[in-house]
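Colleague: All you need for the working numbering is the position in the sequence shown, starting with 1, plus 21.
Glycine is no exception: its CB is placed at the ideal position from the N, C-alpha and C atoms.
All values reported here derive from a predicted model rather than from experimental measurement.
Structure in structure tokens, see below.
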Amino acid sequence: MNLRQLFLVNNACYQANAPLQIRGVMVHSTGANNPDLRRYVGPDDGALGRNPNNNHWNQPTPEGKSVCVHAFIGKLANGNIATYQTLPWNMRGWHSGGSANNTHIGFEICEDNLNDAGYFNRAYQEAVELCAYLCKEFSLDPLGDGVIIDHSEGYGRGIATSHEDVGHWFPKHEKNMDNFRSDVKNLIPVPEPEPNPVPEPPIPQPKTDEEIENRDENTEINSIKWYIRLLNFLKKLMPKFS
Ligand SMILES: [Zn+2]
Numbered sequence: 022m023n024l025r026q027l028f029l030v031n032n033a034c035y036q037a038n039a040p041l042q043i044r045g046v047m048v049h050s051t052g053a054n055n056p057d058l059r060r061y062v063g064p065d066d067g068a069l070g071r072n073p074n075n076n077h078w079n080q081p082t083p084e085g086k087s088v089c090v091h092a093f094i095g096k097l098a099n100g101n102i103a104t105y106q107t108l109p110w111n112m113r114g115w116h117s118g119g120s121a122n123n124t125h126i127g128f129e130i131c132e133d134n135l136n137d138a139g140y141f142n143r144a145y146q147e148a149v150e151l152c153a154y155l156c157k158e159f160s161l162d163p164l165g166d167g168v169i170i171d172h173s174e175g176y177g178r179g180i181a182t183s184h185e186d187v188g189h190w191f192p193k194h195e196k197n198m199d200n201f202r203s204d205v206k207n208l209i210p211v212p213e214p215e216p217n218p219v220p221e222p223p224i225p226q227p228k229t230d231e232e233i234e235n236r237d238e239n240t241e242i243n244s245i246k247w248y249i250r251l252l253n254f255l256k257k258l259m260p261k262f263s
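As structure tokens, then:
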């Protein structure tokens with residue numbers, strides 16, 4: 022993942038600065054043929070390139086709309102793929118048109134003409150890596166019910182407005198959201214099971230005072246027994262002792 026950061030500080034959503042209770046991630050795609058990040062993210066930081074129309078989303082209401090997402094995935098000026106984080110992850114975004122804004126981080130994949138498999142595969146992989154990163158960061162289960170969903174699945178759940186993304190694009194390249202979720206899951210390392218513990222030899226415990234006392238007593242009793250035996254022996258030898 023090529024993760025960069027340029028917060029859209031002039032966007033009214035950023036300025037509203039509302040908190041987000043992170044429960045999942047919503048995947049969007051832009052619905053317009055323009056894979057360049059500079060279309061949405063600006064001003065130019067040297068890697069994005071200049072947006073001659075100055076219609077990026079770093080303004081209060083881009084094209085008159087109250088919209089903002091947490092990240093965009095698309096092309097840098099040099100053609101490489103990158104992710105730009107555009108809102109703090111724990112800030113409420115304006116991406117779903119529904120209650121998913123309260124619970125889901127939302128990001129956009131910049132669409133091209135939808136037919137370029139090379140661009141799709143690179144952008145898809147970047148999106149998988151972004152979601153794996155977010156799942157690790159916020160302890161989300163990528164296969165959990167309603168955790169990683171696209172905009173159209175959000176509509177089906179009644180938490181987003183009616184949009185097709187990304188179901189109008191992924192299947193053109195033999196992918197769907199189930200593939201996406203399991204690809205995210207596969208990037209999250211499963212913790213190694215603990216090896217079977219080798220039994221330790223028992224460690225001799227220090228004697229308790231009582232045991233030490235008993236041992237001393239036994240030693241004493243044994244000495245007395247030994248002394249009596251000696252006396253008896255001497256008696257046999259020398260009758261005058263008796
Ligand atoms: Zn959408």
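Tell me the DSSP secondary structure of Met22 in three-state form.
Modeller: Coil, per DSSP.
Colleague: Taking only the alpha-carbon atoms, compute the straight-line gap between Asp162 and Gln226 and give it to the nearest angstrom.
Modeller: Answer to the nearest angstrom: the Cα atoms are 46 Å apart.
Colleague: Taking the alpha carbon of Gly95 as the point to measure from, which residue in His49, Asp204, Asn75 and Asp171 has its own alpha carbon closest?
Modeller: Of the listed residues, the one whose Cα sits closest to Gly95 is His49.
Colleague: Starting from Val48, follow the beta strand (DSSP E) in both directions and report where the run begins and ends.
Modeller: Start and end: Gly45 to Ser50.
Colleague: Confirm the yes/no value for this check: CB of Asp186, any heavy atom of ligand 1, distance under 7 Å.
Modeller: Indeed, a heavy atom of ligand 1 lies less than 7 Å from the Cβ.
Colleague: Name the DSSP beta bridge partners of Thr104, please?
Modeller: Bridge partners of Thr104: Leu24 and Ile94.
Colleague: Do the CB positions of Asn122 and Gln42 come within less than 8 Å of each other?
Modeller: No.
Colleague: Would the beta-carbon of Gln26 fall within 8 Å of that of Gln146?
Modeller: Contact: no.
Colleague: Can you tell me whether His77 sits near ligand 1, meaning its C-beta is under 7 Å from at least one heavy atom of the ligand?
Modeller: Checking every heavy atom of ligand 1 against the Cβ of His77, none is found closer than 7 Å.
Colleague: With a threshold of 16 other CB atoms inside 10 Å of the CB of Arg178, please say whether the residue is buried or exposed.
Modeller: The residue is exposed, with fewer than 16 neighbouring Cβ atoms inside 10 Å.
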